[in-house]
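Novice:
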Amino acid sequence: MSLVTRTLKRSVLPGSVLRDIGLACLAVMFTGLSYGAVAVTSGFPLWVPAAQSVFVLAGASEFLFIGIVAAGGSPVAAAMAGLLVNGRHLPYGLALPDVTGRGWRRIVGTHLMNDETVVFTLAQPDAPGQRAAYWLCGLGTLVSWSGGAVLGGLIGGAVHDTRAFGLDAMFPAIILALIVPSLRDRATRRAAVAGAAIALAVTPFTPAGLPILLALPAALLLLREPSA
Amino acid sequence: MKDTTLVVTGMAVLAAGTYAIRFSGPLLRARISFPPRAQRLLEAATVVLLVALVATTALTEGHGLAGAARPAGVLTGGVLAWRKAPFLVVVVTAAAVTAVLRLLGVG
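Now the structure itself:
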């Protein structure tokens, strides 16, 4: 934490960046709230979203895991689907400058790599700013994501008739809201629609969880676009 | 939740695997370059998986179709999201539309 206070004192980061990181963490907290609530109302005990939010710390894969297991799919298959979604962290790590340092800082810092931290880090003009943005946004998302998940789980646990409140519509709506920016790209949208069609078509005949994985080959449609 | 041991195993695999992916990027940084085309394919794979998740959880229940209330709520949420409505508005509206339709007797 000393790094954070030092960062604030020395004002390595301009106020506008601090504000933007704060807003991003607030958004992460709201998503965390809905994640915890959805996990608990889908039948998971509170410790599942709580532990995932700290030890996985990658929202989309956690939602996917919960969704596949809640539908009756195998947890190991759900983990594999989650790992595929988290594959984007490999190019993230390749693109990032050395922001974590060595030893324990590297062990902890590596875990804080996520969509938000990478965006804010790469947007800073110099190395001290990049390190500060990485740690501040990384620790901020850790606290707001896990705090939101636990709070959401507690709220969700208090609701008994989830269908009457339409809470079963929240889960797909949350995911949709999170991926809409990627769907603005035409080629990606086409592949996604094809994948969804495959998943829906095989649902009557396949075990739960599998339809989502069978949608995956639709991503290969991207290979048809001319290489830029 | 059905089998706690199996769920914990799945959670551990996801957590450990994700950490390994995060750790390998900086290690390989000096040695390899990731082609932009492969990166784009990976991004598309993520979106395809998540849209398939949206479609199946919105439209199906078990091996059959869900009622009309949930898809209608999710569709409304989707339209709002496309029009750049705030996250909270999207999610609350989706739940509200579904709840009101059920109140009116739509499945």
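In the order they appear, the protein sequences are chains A and B. Counted the way my numbering counts, the first sequence spans residues 1 to 228. Counted the way my numbering counts, the second sequence spans residues 1001 to 1107. Every residue gets a Cβ at the ideal spot worked out from N, C-alpha and C, and that includes glycine.
Is the segment 27-46 of chain A touching the segment 150-159 of chain A, taking contact as three or more C-beta pairs under 8 Å?
Specialist: Because the criterion of three Cβ pairs below 8 Å is met, the segment 27-46 of chain A and the segment 150-159 of chain A touch.
Novice: For my contact list, B/Val1054 and A/Ile175 are in at a C-beta cut-off of 8 Å; report their separation, rounded to the angstrom.
Specialist: Against the second sequence, residue 1054 of chain B aligns to sequence position 54. Against the first sequence, residue 175 of chain A aligns to sequence position 175. B/Val1054 to A/Ile175, Cβ: 5 Å. Contact.
Novice: Per DSSP, A/Thr31 is paired with what?
Specialist: Walking along the first sequence from the start, residue 31 of chain A turns up at place 31. DSSP, once it has assigned bridges, lists no residue as partnering A/Thr31.
Novice: What are the residues in the segment 1029-1055 of chain B lying within 7 Å of chain A by C-beta distance?
Specialist: Those residues of the segment 1029-1055 of chain B that come within reach of chain A (Cβ to Cβ, closer than 7 Å) are Arg1029, Phe1034, Arg1037, Gln1039, Arg1040, Leu1041, Leu1042, Glu1043, Ala1044, Ala1045, Thr1046, Val1047, Val1048, Leu1049, Leu1050, Val1051, Ala1052, Leu1053, Val1054, Ala1055.
Novice: Terminal residues of the continuous alpha helix (DSSP H) containing B/Val1090?
Specialist: In the second sequence, the residue the question calls residue 1090 of chain B occupies position 90. Note, B/Val1090: alpha helix (DSSP H), 1087-1103.
Novice: To the nearest angstrom, how far is it from the Cα of B/Ala1052 to the Cα of A/Val12?
Specialist: Your numbering for residue 1052 of chain B matches position 52 in the second sequence. Your numbering for residue 12 of chain A matches position 12 in the first sequence. Roughly 43 Å separates the two Cα atoms.
Novice: Keeping to the same chain, check which residues put their C-beta closer than 6 Å to that of A/Pro211; ignore five residues upstream and five downstream.
Specialist: As a working mapping, residue 211 of chain A is identified with position 211 in the first sequence. The residues are Ala199, Val202, Thr203.
Novice: Give every residue of the same chain whose Cβ lies closer than 8 Å to the Cβ of A/Leu221, excluding the five residues on either side of it in the sequence, and list them in chain order.
Specialist: For the purposes of this step, residue 221 of chain A is taken as the residue at position 221 of the first sequence. Ala187, Arg190, Ala191, Ala194, listed in sequence order.
Novice: List the residues of chain B that A/Gly216 touches, going by C-beta distances under 7 Å, in chain order.
Specialist: On the first sequence, residue 216 of chain A is found 216 positions in, with the first residue counted as 1. According to the sequence shown, residue 216 of chain A is Leu rather than Gly. Going along chain B in sequence order, the residues near A/Leu216 (Cβ under 7 Å) are Ala1045, Val1048, Leu1049.
Novice: Which of helix, strand or coil does DSSP assign to A/Leu232?
Specialist: Residue 232 of chain A lies beyond the range of chain A shown here (1 to 228); nothing can be said about it.
Novice: Could you tell me which chain B residues have their CB closer than 8 Å to the CB of A/Arg163, listed as they occur along the chain?
Specialist: Along the first sequence, read from residue 1 onward, the residue named residue 163 of chain A stands at position 163. Within 8 Å Cβ-Cβ: Arg1102.
Novice: In whole angstroms, what is the alpha-carbon distance linking A/Leu213 and B/Arg1037?
Specialist: Here residue 213 of chain A is taken as the residue at index 213 of the first sequence, counted from 1. Here residue 1037 of chain B is taken as the residue at index 37 of the second sequence, counted from 1. One C-alpha to the other measures close to 22 Å.
Novice: Name, please, each residue of chain A whose Cβ falls closer than 9 Å to the Cβ of B/Gly1078.
Specialist: Within the second sequence, numbered from 1, the residue matching residue 1078 of chain B stands at position 78. In chain order: Pro172, Ala173, Leu176, Ala177, Val180.
Novice: Distance cutoff 8 Å, beta carbons only. Does A/Asp168 sit that close to anything in chain B?
Specialist: Residue mapping note: residue 168 of chain A aligns to position 168 of the first sequence, counting from 1. Yes, contact with chain B.
Novice: From B/Ser1024 to A/Ala60, what distance separates their C-alpha atoms?
Specialist: Within the second sequence, residue 1024 of chain B is the residue found at index 24, counting from 1. Within the first sequence, residue 60 of chain A is the residue found at index 60, counting from 1. So the two alpha carbons sit approximately 20 Å from each other.
Novice: Does any residue of chain B have a CB that is nearer than 8 Å to the CB of A/Ala81?
Specialist: Here residue 81 of chain A refers to the residue found at position 81 when the first sequence is read from its first residue. Chain B contact via Cβ: present.
Novice: Assuming A/Gly138 contacts A/Gly109 (C-beta within less than 8 Å), just tell me the rounded distance between them.
Specialist: Along the first sequence, one-based indexing puts residue 138 of chain A at 138. Along the first sequence, one-based indexing puts residue 109 of chain A at 109. Indeed they touch by this definition, with Cβ atoms about 7 Å apart.
Novice: Taking 8 Å as the threshold (beta carbon to beta carbon), is A/Arg224 in contact with chain B?
Specialist: Within the first sequence, the letter at position 224 stands for residue 224 of chain A. By this cut-off, A/Arg224 is not an interface position.
Novice: Find the residues of chain A that neighbour B/Gly1073, judging by a C-beta separation of less than 8 Å, and give them in chain order.
Specialist: Your numbering for residue 1073 of chain B matches position 73 in the second sequence. Within chain A, the residues near B/Gly1073 are Gly166, Ala169, Ala173.
Novice: Less than 8 Å between the beta carbons of A/Gly157 and A/Leu46, yes or no?
Specialist: Within the first sequence, the letter at position 157 stands for residue 157 of chain A. Within the first sequence, the letter at position 46 stands for residue 46 of chain A. For A/Gly157 and A/Leu46, yes; Cβs fall inside 8 Å.
Novice: Would the C-beta of B/Arg1022 count as close to the ligand SAH, meaning under 7 Å from any of its heavy atoms?
Specialist: Absence of the ligand SAH from the depicted structure is noted, as is the absence of any ligand whatsoever, leaving it without description.
Novice: Quick check for students: name the residue ranges of the alpha helix (DSSP H) that lie wholly in the segment 92-176 of chain A, counting only runs of 4 or more.
Specialist: DSSP runs (the alpha helix (DSSP H)) wholly in the segment 92-176 of chain A: 104-111, 115-122, 127-158.
Novice: If contacts are defined as beta-carbon pairs under 8 Å, then B/Arg1070 and A/Ala169 qualify, I think. What distance do you get, rounded to the angstrom?
Specialist: Residue mapping note: residue 1070 of chain B aligns to position 70 of the second sequence, counting from 1. Residue mapping note: residue 169 of chain A aligns to position 169 of the first sequence, counting from 1. Indeed they touch by this definition, with Cβ atoms about 5 Å apart.
Novice: Assign A/Thr203 to one of three DSSP states: helix, strand, or coil.
Specialist: For the purposes of this step, residue 203 of chain A is identified with residue 203 of the first sequence, where counting begins at 1. If DSSP states are grouped into helix, strand and coil, A/Thr203 belongs with coil.
Novice: Give me the residue from A/Val54, A/Trp145, A/Leu216 with the minimum Cα distance to A/Gly32.
Specialist: Locating residue 32 of chain A in the first sequence gives position 32, counting from the first residue. Out of A/Val54, A/Trp145, A/Leu216, A/Trp145 has the C-alpha closest to the C-alpha of A/Gly32.
Novice: Starting from A/Ala87, find everything on chain B with Cβ-Cβ shorter than 7 Å and list it in chain order.
Specialist: As a position in the first sequence, residue 87 of chain A is number 87, starting the count at 1. The residue asked about is misnamed: residue 87 of chain A is Gly in this sequence, not Ala. Here the neighbours are Ile1021, Leu1042.
Novice: Roughly how many angstroms separate the alpha carbons of B/Thr1004 and B/Ala1015, rounded to a whole number?
Specialist: Numbered from its first residue, the second sequence carries residue 1004 of chain B at position 4. Numbered from its first residue, the second sequence carries residue 1015 of chain B at position 15. Those two C-alpha atoms are separated by around 16 Å.
Novice: Return the chain-ordered ranges of every alpha helix (DSSP H) run that is complete within the segment 56-82 of chain A and spans a minimum of 4 residues.
Specialist: Complete alpha helix (DSSP H) runs here, min 4: 59-70.
Novice: Going by Cα to Cα distance, which pick from A/Phe171, A/Ile68, A/Leu90, A/Ala177 is closest to B/Glu1029?
Specialist: Locating residue 1029 of chain B in the second sequence gives position 29, counting from the first residue. Sequence check: residue 1029 of chain B is Arg here, not Glu. Cα-wise, what sits closest to B/Arg1029 is A/Leu90.
Novice: For a quick check, are the C-beta atoms of A/Ile66 and A/Phe44 less than 8 Å apart?
Specialist: The residue labelled residue 66 of chain A in the question sits at position 66 within the first sequence. The residue labelled residue 44 of chain A in the question sits at position 44 within the first sequence. In contact: A/Ile66 and A/Phe44 (Cβ atoms closer than 8 Å).
Novice: Could you check what DSSP says for B/Glu1061 in three-state terms: helix, strand or coil?
Specialist: Within the second sequence, the letter at position 61 stands for residue 1061 of chain B. Strand.
Novice: Measure how close the beta-carbons of A/Ile68 and A/Ala58 come, nearest whole angstrom, since I'm counting them as under 8 Å.
Specialist: On the first sequence, residue 68 of chain A is found 68 positions in, with the first residue counted as 1. On the first sequence, residue 58 of chain A is found 58 positions in, with the first residue counted as 1. Going by Cβ atoms, the distance from A/Ile68 to A/Ala58 rounds to 15 Å, so no, they are not a contact pair.
Novice: Helix, strand or coil: which one does DSSP assign to B/Ser1033?
Specialist: Reading the second sequence from its first residue, position 33 is the one you call residue 1033 of chain B. Correct three-state label for B/Ser1033: coil.
Novice: Using a Cβ-Cβ cut-off of less than 8 Å, list which residues of the segment 37-52 of chain A approach chain B; keep chain order.
Specialist: Going along the segment 37-52 of chain A in chain order, one finds Gly43, Phe44, Pro45, Val48, Ala51, Gln52 with a Cβ nearer than 8 Å to chain B.
Novice: My output table needs one value for B/Val1074: the three-state DSSP class, helix, strand or coil.
Specialist: Position 74 of the second sequence holds residue 1074 of chain B. B/Val1074: helix per DSSP, three-state reduction.
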